[in-house]
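Participant:
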Amino acid sequence: MTDSKNKKKKDEGEESTFEGTSTATAEPQKTEGVLYLGIDFGTSHTSVAASNGVRETISSHVGYPKDVVSRKLLKKDVLFGDEAMEKRLSLNFYRPLEILKTKDHNRDDFEANLKAAQDLLKEIIRLAKPRKDELVYGVIGVPAQASIHSKDAIIRTAKEALDSVMLCSEPFAVAYGLDMLDDVLVIDIGAGTTDLCRMHGTMPEESDQITIYHAGDWVDHRFAELMVEKHPQAQFTVQMLKEIKERNSSVDERVEPALAMLPVNGKPTEFDVTAELREACQGMVPPIVEGLKKLVSTFDPEFQQRLKNRVLLAGGGSQIRGLHLAIEREMHKQLGGGKVNRIQEPVYGGSNGALKIAHDMPAEYWEKLK
Amino acid sequence: MALPAPRAESTIVTTAVPETPTTEAAAAPSTPPKQRLSTAQMLHLMRLEMDRALKHGYPISALAVGLDGFDEEHHLPWRRTLMPAIFQELKAVTFQNDIRGLGVWTERFQLAIFPHVTPDRLILMAEDVAKRAAALKLQGVPETETISVSAGISHNLHPGPKSFESLIEEAETGMGLAQSGGGNKVIQAREVERELDRLRDEVDSQIAEIQQFQEKLFSDVDNKDELWGHALVNKVIELFQREPEKTEGVLRVEREVIAVLKAELAAWRETSAAGRIIDSQKQIGQLERRVAKLTESLGLTEAELKRVAKLKNIDLGVASLYRIVQGLSADEGGAEQKKEMLKNIFDANMTLRGQLAALKKT
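If you're matching them up, the sequences are chains A and B in order.
Just so you know, we're using our numbering here: the first sequence kicks off at 6 and counts up by one.
Just so you know, we're using our numbering here: the second sequence kicks off at 13 and counts up by one.
#1: Pull up the CB-CB distance for Gly78 of chain B and Phe121 of chain B, whole angstroms please, since I reckon it's below 8 Å.
#2: Within 8 Å (strictly less), CB to CB, does Val74 of chain A reach chain B?
#3: Okay, do the segment 178 to 197 of chain B and the segment 84 to 91 of chain B touch, 3+ Cβ pairs below 8 Å being the bar?
#4: From the DSSP output, in three-state form, read off Tyr370 of chain A for me.
#5: List, in chain order, every chain A residue whose beta-carbon is nearer than 8 Å to that of Asp327 of chain B.
#6: With C-beta atoms as the reference, is Asp192 of chain A less than 8 Å away from Ala319 of chain A?
#7: Given Gly288 of chain A, which residues of its chain have a CB within under 8 Å of its CB, disregarding the five upstream and five downstream residues?
#8: Kindly confirm or deny that the segment 308 to 317 of chain A and the segment 141 to 157 of chain A touch, where touching means at least three C-beta pairs closer than 8 Å.
#9: Can you check DSSP and say which residues form a bridge with Ala265 of chain A?
#10: Please identify the residue among A:Glu248, A:Ile249, A:Gln238 whose C-alpha is closest to the C-alpha of Gly271 of chain A.
#11: I need the straight-line Cα distance from Ile159 of chain B to Met95 of chain B, nearest angstrom please.
#12: Suppose the cutoff is 6 Å on Cβ atoms and the five residues either side in sequence are ignored; what does the same chain contact list for Ala142 of chain B look like?
#13: Suppose the cutoff is 6 Å on Cβ atoms and the five residues either side in sequence are ignored; what does the same chain contact list for Gly354 of chain A look like?
#14: Could you check which residue in B:Asp327, B:Val272, B:Glu282, B:Asp63 has the C-alpha nearest to that of His128 of chain B?
#15: Does any residue of chain A bring its CB to less than 8 Å from the CB of Val320 of chain B?
#16: Please list, in chain order, the chain B residues whose beta carbon lies closer than 9 Å to that of Trp223 of chain A.
#17: List, in chain order, every chain B residue whose beta-carbon is nearer than 7 Å to that of Tyr353 of chain A.
#18: Rounded to a whole number of angstroms, what is the C-alpha to C-alpha distance between Ala368 of chain A and Ile63 of chain A?
#19: Which ranges does the beta strand (DSSP E) cover as unbroken runs of at least 3 residues, wholly within the segment 205 to 275 of chain A, from first to last along the chain?
#20: Near Asp134 of chain A, what residues of its chain come up, given a Cβ to Cβ distance below 7 Å and the 5 sequence neighbours on each side ignored?
#21: Measure the C-alpha to C-alpha separation of Lys247 of chain A and His329 of chain A and round it to an integer number of angstroms.
#22: Out of A:Lys373, A:Leu79, A:Met171, which one is the CA nearest neighbour of Asn361 of chain B?
#23: Could you spell out where the alpha helix (DSSP H) holding Gly358 of chain A opens and where it closes?
#24: What are the residues of the segment 195 to 208 of chain A that lie near chain B, defined by any Cβ-Cβ distance shorter than 9 Å?
#25: Looking only at DSSP bridge pairs, what is Thr62 of chain A linked to?
#26: Helix, strand or coil for Asn356 of chain B per DSSP?
#27: Could you check the C-alpha separation between Glu261 of chain A and Val278 of chain A for me, to the nearest Å?
#28: Between Asp124 of chain A and Val74 of chain A, how many whole angstroms is the CB-CB distance? I'm expecting something under 8 Å.
#29: What are the complete beta strand (DSSP E) segments, minimum 3 residues, inside the segment 93 to 140 of chain A?
#30: With 8 Å as the limit, tell me which residues of the segment 160 to 172 of chain A have their beta carbon closer than that to any beta carbon of chain B; keep them in chain order.
#31: On the three-state DSSP scale, how would you describe Leu186 of chain A?
#32: How many whole angstroms separate the CB atoms of Pro70 of chain A and Leu96 of chain A, which I take to be in contact at a CB cut-off of 8 Å?
#33: Spatial neighbours of Ala55 of chain A within its chain, please: C-beta separation below 8 Å, excluding the five flanking residues on both sides.
#34: Identify, in the order they occur along the chain, each residue of the same chain with its Cβ nearer than 8 Å to the Cβ of Gln244 of chain A, setting aside the five sequence neighbours on each side.
#35: Three-state secondary structure (DSSP) at Gly366 of chain B?
#36: Determine the extent of the beta strand (DSSP E) in which His128 of chain B is found, giving its start and end residues.
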């Protein structure tokens, strides 16, 4: 659904509701309805697109005050997103979606991360502003690697706020949202993983999906390694580099220099990190193309060319400038050609798709999954 | 119908045989010289005539004539004077009409049969006899006494069972009915019986109807005060059924009572139903006014809630665009393919729920 359509429909919906409640003498209007939510539960960001026109995204960070003093100071029991990131020193800080992918449930912090994930989900649903008198149905895009325990926790949490919930894989939601269901390769670059998914008119099976760990976090760490190597005097954290990356990331040769202020012995010093950042970003390209190559080469030969020419680049990582061209170039080298399209809305690609799935889902399915 | 006591076990033979010669053949003037016959002989001849009429299928009518009043206990002498005179009048009428008949008489009544005579004609003759009897002036009977007779007529032109006994019995019945109906009448008993049967059937059917009506009428009545109608109908029906043998008068009264009862109950029902409808409408009106007030209050409350929420920065949420579950539109591109995919997602979720349920059990 496009923004303009969303906006128009949102306006219509609000107008009718307003009239129904504000004019006592007017014919009473039905205010209850069905609210659909499409949620992209990503490692880095969590987004929601709702059928009331609301779209929100927050970084997938959750923090709980470490002690009573912090709680008094922060005046909150739980913080989310950038606020949590900003105040993380006073918080027990979690990036819960990272842990959802782990199969190691014996980790000490597994339960705490699970709770953080549940709180994050509640928060993103709250941000969608559902009315209490509406049925709320949601489709949640979850990482393909999420363990069954994690899925259980997500479903249990979602059911507290939603009347019915379904899970689906993130890359599929992206493709469904763009109505590209035949002979398409989706590259969904997230923070923790890059998911490659081959769509061929049916639900992708396990053999149609490849997950690689050359994703946003990998770039951050690689960038940090290069910085240590090239600028050993600079003091930084991965989080600082991540912010620099999000502002300046590019794999293009001809870009404005990426200048970053980093402390050296306490003094802010400007560094040109263009080359290091480009190299870190470019490091993702070969493994992605390697994955594409596997998916293309195992596809029906008759349709391989069509598949190569229908590559969708989605996810937060797709915002790296020139990345789609870099992948195309690598595809030329390894696969003899290919065409990569970056989706219009990298942040909401998954949630828009999930919303469309929710919209299209028949009523009886929702009923059975209540 | 019950016959008057003297005729109860009435065959003519067993009833009182007059001391004076009581029987004689009534015949047309052209018949051979009269020869007196005994009552038994005369009755035998009458039976033969009836058998012949039945055999050959010609009409035969019977006439029973009784004197009104002049009870036997106090006025037997008068009767003994009057009855032969009336019999003579009967003979005269018979001769006058140029027909032939056979008859007997006692102090109580006279009986005659007329082969080849239809009941219509015999009615006229009986009326003539009654007129003549009323005009009789006889020695020994005070002139101040009014003389009148009642007559009953029967015939063999009906589809029912026919015999000499039934012919006589029906004539006697007619005479009895005429006497109990005030006297000075001629009644064709079978028609009276038919009329009575019709009346009886009518009353019976009306009783059945009113019982159904009663069930319908009072089935939904919860108020005990309204059950008076129910009790009344029961009582009336009980009274009607108490007496199995009903006279015409009783049947007619019953019919009238039932008609009145039905009309009253219908009127009551209508008033009652109308009253209830009016009550219900009043209640609906009140409820509608309450709903309107509550809706208004709800609107005000919601508006107030919005205002407070706005002041306190509380978000009440944003309404969805959709009022009902949407589902995939059939005319959307690739609908079948998408439907299949949606089913796969649903199936995968169902499988997942199953796995989770199994996991919880373990």
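Idealized CB from N, CA, C, for every residue including glycine.
Facilitator: Taking the structure as given:
#1: As a first step, residue 78 of chain B must be located in the second sequence, where it is residue number 66. As a first step, residue 121 of chain B must be located in the second sequence, where it is residue number 109. Correct: roughly 4 Å between the Cβ atoms.
#2: One-based indexing of the first sequence puts residue 74 of chain A at position 69. Val74 of chain A is outside the set of residues whose beta carbon lies under 8 Å from a beta carbon in chain B.
#3: no
#4: In the first sequence, the residue the question calls residue 370 of chain A occupies position 365. In this structure, Tyr370 of chain A counts as helix in the three-state DSSP scheme.
#5: Working through the second sequence from its first residue, we reach residue 327 of chain B at position 315. Here the neighbours are Lys134.
#6: Counting from one through the first sequence, the residue named residue 192 of chain A turns up at place 187. Counting from one through the first sequence, the residue named residue 319 of chain A turns up at place 314. The question names Asp, but residue 192 of chain A is Ile in the sequence shown. Cβ atoms of Ile192 of chain A and Ala319 of chain A: closer than 8 Å.
#7: Looking up residue 288 of chain A in the first sequence gives position 283. Around Gly288 of chain A, the same chain offers His219, Trp223, Val224, Arg227 as residues with beta carbons nearer than 8 Å, after the five sequence neighbours per side are excluded.
#8: no
#9: Your numbering for residue 265 of chain A matches position 260 in the first sequence. DSSP output for Ala265 of chain A lists A:Phe276 as bridge partner(s).
#10: Sequence index remark: in the first sequence, residue 271 of chain A carries index 266 (1-based). For Gly271 of chain A, the nearest C-alpha among the options comes from A:Gln238.
#11: Along the second sequence, one-based indexing puts residue 159 of chain B at 147. Along the second sequence, one-based indexing puts residue 95 of chain B at 83. Distance between the alpha carbons of Ile159 of chain B and Met95 of chain B: 11 Å.
#12: If you number the second sequence from 1, residue 142 of chain B lands on position 130. Here the set comprises Val161.
#13: As a first step, residue 354 of chain A must be located in the first sequence, where it is residue number 349. Excluding sequence neighbours, Gly354 of chain A sits near Val179, Ala319, Ile348.
#14: Within the second sequence, the letter at position 116 stands for residue 128 of chain B. The shortest C-alpha separation from His128 of chain B is found at B:Asp63.
#15: Working through the second sequence from its first residue, we reach residue 320 of chain B at position 308. Chain A, which has no Cβ nearer than 8 Å to the Cβ of Val320 of chain B, makes this no.
#16: Translated into positions along the first sequence, residue 223 of chain A becomes position 218. The premise fails here: Trp223 of chain A is roughly 29 Å from chain B at the closest Cβ pair, so nothing lies under 9 Å.
#17: For the purposes of this step, residue 353 of chain A is identified with residue 348 of the first sequence, where counting begins at 1. Residues of chain B passing the Cβ test: none, with the nearest at roughly 17 Å.
#18: Counting from one through the first sequence, the residue named residue 368 of chain A turns up at place 363. Counting from one through the first sequence, the residue named residue 63 of chain A turns up at place 58. A straight-line Cα-Cα distance of about 30 Å links Ala368 of chain A and Ile63 of chain A.
#19: 214 to 217, 264 to 269
#20: The count along the first sequence starts at 1 and reaches residue 134 of chain A at position 129. Inspection of the sequence shows that residue 134 of chain A is occupied by Lys rather than by Asp. Only Asn57, Val59 meet the Cβ criterion.
#21: As a position in the first sequence, residue 247 of chain A is number 242, starting the count at 1. As a position in the first sequence, residue 329 of chain A is number 324, starting the count at 1. Cα to Cα, the separation comes out at about 20 Å.
#22: In the second sequence, residue 361 of chain B corresponds to position 349, counting from 1. Nearest of A:Lys373, A:Leu79, A:Met171 to Asn361 of chain B, Cα basis: A:Met171.
#23: Locating residue 358 of chain A in the first sequence gives position 353, where the first residue counts as 1. Taken as a continuous stretch (DSSP letters only), the alpha helix (DSSP H) holding Gly358 of chain A covers 354 to 365.
#24: Gly206, Thr207, Met208
#25: Taking the first residue of the first sequence as 1, we reach residue 62 of chain A at position 57. Note: Thr62 of chain A sits in a beta bridge opposite A:Ser52.
#26: By 1-based counting over the second sequence, the position of residue 356 of chain B is 344. Note: Asn356 of chain B maps to helix in three-state DSSP.
#27: The count along the first sequence starts at 1 and reaches residue 261 of chain A at position 256. The count along the first sequence starts at 1 and reaches residue 278 of chain A at position 273. If I take the Cα positions, the gap works out to 11 Å.
#28: Looking up residue 124 of chain A in the first sequence gives position 119. Looking up residue 74 of chain A in the first sequence gives position 69. About 21 Å; that fails the 8 Å criterion.
#29: 96 to 99
#30: Ile160, Met171, Leu172
#31: The residue given as residue 186 of chain A occupies position 181 in the first sequence. Of the three classes helix, strand and coil, the one that applies to Leu186 of chain A here is coil, per DSSP.
#32: Taking the first residue of the first sequence as 1, we reach residue 70 of chain A at position 65. Taking the first residue of the first sequence as 1, we reach residue 96 of chain A at position 91. Confirmed, about 6 Å.
#33: Counting from 1 along the first sequence, the entry for residue 55 of chain A is found at position 50. So the list reads Leu40, Tyr41, Leu42, Gly43, Ala133, Lys134, Pro135, Leu360, once near-sequence residues are dropped.
#34: In the first sequence, residue 244 of chain A corresponds to position 239, counting from 1. Same-chain partners within the cutoff: Met90.
#35: Stepping through the second sequence from its first residue, residue 366 of chain B is reached at position 354. Looking at Gly366 of chain B - three-state DSSP - the assignment turns out to be helix.
#36: For the purposes of this step, residue 128 of chain B is taken as residue 116 along the second sequence, with counting starting at 1. Segment: none, His128 of chain B is in no beta strand (DSSP E) and carries neither H nor E.
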